[in-house]
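Some notes on the structure that comes next.
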Amino acid sequence: MLSAFEVEALLLSLKVSAAATLGALPFAMLFAFLLARGRFPFKWLLDGIVHAPLVVPPVVVGYLLLIGLGPNGPIGAPLKDWFGWTLAFTWQGAAVAAAVMALPLMVRAIRLSLEQIDFKLEDAATTLGASRLDVLTSVTLPLIAPGVVVAVVLGFARALGEFGATITFVANIPGETRTLPIALYTLAQTPGAEFEAGRLALISVIVAVAALVASEAVARRTRRAIGLQEARSQ
Amino acid sequence: MIFARVSSRLGDFTLNASLATTDEQPTVALFGRSGCGKTSLVNAVAGLLKPDSGRIEIAGETVLDTERGINLPPNKRRIGYVFQEGRLFPHMTVRSNLNYGRKRNGDGSVGFDQAVQLLGLDHLLDRKPFALSGGERQRVAIGRALLSNPSLLLMDEPLASLDSHRKNEILPFIARLKDEVGTPILYVSHAMEEIAQLADVVALMDAGRIVAMDSVERLTARLDLHPLTGRYEAGAFLTARIAEKSAATGLMRLAVAGKAFLTVPAAPFPLGSEMKLRIRARDVSLSLSEPKDISILNRLPGTVIEVRPDAEGPMAEVLVDVGAPVWARVTKLSAETLKLAPGQEIWALIKTVAIDRTSPGRQKS
């Protein structure tokens, strides 16, 4: 079946992607709410920063992370001094790189579903005695659940395929930062390892497609649970 | 009881309305054309719109006073709001929708079972809103508002999105609610027939102001308000009692003000029942002598009180006293040919009589 090399890369990839997606989700929610609902100066700036990883070359993002979060960086140094955390060249660093790259996709998905919510439903909830926080948890969050599912899947898939920012920020360390794409890159650079590279490519494709199919099923079920799909098709 | 005095600039539109209602007339209709500010006023009462200045009291509690800096949020105002489009929560069952306000505001005078029974919702409780018809959705919306323990129900054109069949399905529910529950209702509509069935008193609104407040009968009888109360549906609203019923013909005779009598198809109400009638001006023709060879049963002798030609167009309105005031809508040409003038004796031929509501248990005080 799978070789030790493949298992190592696969498990590491799943761990990094899961950590990246879960870690990015609260931020994605926050930014989506701010961008969809907020009214504040320099909103365009936040919009630009959140979405920058979509357009900036991943290597540049990785480089900026290295400068900022590296052991001597303006954020990396205090993290190391106060908490003893090191991000550069660790799997946690790989997760941070993947999270930054996945964030814009997740924000977009959540923001889109937020903007689709009829705010009149929230008005209706307040007239029925619900406070703002109550409206958020009883009406808004359930209604954007499908969007959040989509965001998680998109983010996970993006994290799974992350290469440029990761290799720049945390390099290529076996068992620590050598995720599937980086392992594949390593094999592709090795003369005579074409077959092994092909196997790894196949594994990557299978994992990605499986995630997509599973998400589609979950998203459909969520939509049905909140009665949105049918309501729209009427 | 509501007191509201609000003014607000909303773009080009200025809302500048004063409204005061009493406990004796708990069902108040807010009537006016689309865009006259009805919904803005109701939203201000609900707290969904903050006016530039004003004061609002609901059931004795001040919920807004811009001078004293009071502005309660909607969830503290104890209002039940029925929106035009229902606004049911799509992710909840009918039962959860109904319980939403109840869970937050506690039980009021109406219990869950009573509301379900009153609105005919028992077989719908476990459905989701998408599986409901438009009429059912509105009934759930009414139930949800009613169960939120409100001291005032706001209904903003709750029937406007429904076809006439569904309207007639819901109107009786609202009428029952009004009679059985007794929560004050502020009912917004631009349909006079709904208002005639429900309202104790009508506030007529135009261009952001309340221009008149009176009973349906008196408001629609005022010629100067006709541009606002509407012409096509305009007519006389009368109160009548069933004086006689005939099983042989299937007809009944209604006494209007004890003087005029109308013959209409029998309705399943006992003798002596009081009912509200509407005789539309366009259903009334005039004749100088009594035409005998005609199928119209209701031929009433009377006197012309007033003739008012439309400012534009070929039509005129004639107010005739047949024991009660009745409007006729005729052409200016006919009015000239018949030489209609105040004081003239005339026969009014009434083609259709619409019965808007009966109130068997209620005596007019």
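Taken in order, these protein sequences are the chains called A and B. Per the working numbering, the very first residue in the first sequence carries number 976; after that it's consecutive. Per the working numbering, the very first residue in the second sequence carries number 15; after that it's consecutive. Just so you know, even glycine gets a beta-carbon here, dropped at the ideal spot from N, CA and C. Quick caveat, the model's predicted, so the values are computed rather than measured.
Query, Result
"Residue from Ala1172(A), Thr1152(A), Ala999(A), Lys990(A) with nearest C-alpha to tyrosine 1160(A)", "Ala1172(A)"
"Coarse secondary structure for lysine 259(B), derived from DSSP in three states", "strand"
"Alpha carbon of glutamate 99(B) to alpha carbon of arginine 343(B), nearest angstrom", "35 Å"
"Where valine 5(B) sits in the DSSP three-state scheme", "Shown here, chain B extends from 15 to 379; a query on residue 5(B) therefore has no answer."
"Residues, ordered as in the chain, of the region 57-71 of chain B that lie near chain A by beta-carbon distance below 7 Å", "Ala60, Leu62"
"Arginine 223(B), enclosing beta strand (DSSP E) - first and last residue", "223-228"
"Simplified DSSP state of tryptophan 1060(A), which is helix, strand or coil", "coil"
"Counted within 10 angstroms of its Cβ, other Cβ atoms place alanine 274(B) as buried (16 or more) or exposed", "buried"
"C-beta atoms of isoleucine 1092(A) and leucine 1062(A) nearer than 7 Å", "no"
"Endpoints, the alpha helix (DSSP H) within which glutamate 150(B) is located", "148-160"
"Proximity test, aspartate 1098(A) beta-carbon vs the ligand NAP heavy atom, cut-off 6 Å", "For the structure depicted, the ligand NAP is absent and the ligand set is empty, with no information on it obtainable."
"Per DSSP, the bridge partner or partners of asparagine 400(B)", "With chain B covering only 15 through 379, there is no way to say anything about residue 400(B)."
"Separation of alanine 1069(A) from leucine 989(A), as counted between CA atoms", "12 Å"
"Supposed close pair valine 334(B), alanine 362(B) - CB separation, criterion 8 Å", "5 Å"
"Beta-bridge pairing of serine 988(A) - partner residues as DSSP gives them", "Paired residues: none, contrary to the question."
"Host beta strand (DSSP E) of phenylalanine 27(B) (start-end)", "27-34"
"Contact with chain A by glycine 115(B), beta-carbon distance below 7 Å", "yes"
"Within 9 Å of chain B by C-beta, residues of the region 1096-1116 of chain A in sequence order", "Leu1096, Asp1098, Ala1099, Ala1100, Thr1101, Thr1102, Leu1103, Gly1104, Ala1105, Ser1106, Arg1107, Asp1109, Val1110, Ser1113, Val1114"
"Cutoff 8 Å; reference glutamate 304(B); Cβ partners in own chain excluding five residues on either side", "Arg313, Pro315, Trp361"
"Spatial neighbours of valine 225(B) in its chain, beta-carbon cut-off 6 Å, leaving aside the 5 residues before and after", "Leu218"
"Asparagine 89(B) vs threonine 1101(A) beta-carbon contact at 7 Å", "yes"
"Where serine 54(B) falls: helix, strand or coil (DSSP)", "helix"
"Uninterrupted beta strand (DSSP E) stretches inside the region 175-220 of chain B (no shorter than 3 residues)", "199-203, 215-220"
"Distance CB(glycine 998(A))-CB(alanine 1074(A)) smaller than 7 Å", "yes"
"Bridge partner(s) assigned by DSSP for asparagine 85(B)", "Leu78(B)"
"Classification of arginine 158(B) by the beta-carbon crowding that lies within 10 angstroms, buried from 16 upward", "buried"
"Cut-off 7 Å between Cβ atoms - residues of its own chain near glycine 120(B), not counting five sequence neighbours on either side", "Asn163"
"Lysine 346(B) (DSSP reduced to helix, strand or coil)", "helix"
"DSSP state of phenylalanine 17(B) mapped onto helix, strand, coil", "strand"
"Of the listed residues Arg1198(A), Leu1175(A), Arg1195(A), Leu1009(A), nearest to alanine 979(A) (C-alpha basis)", "Leu1175(A)"
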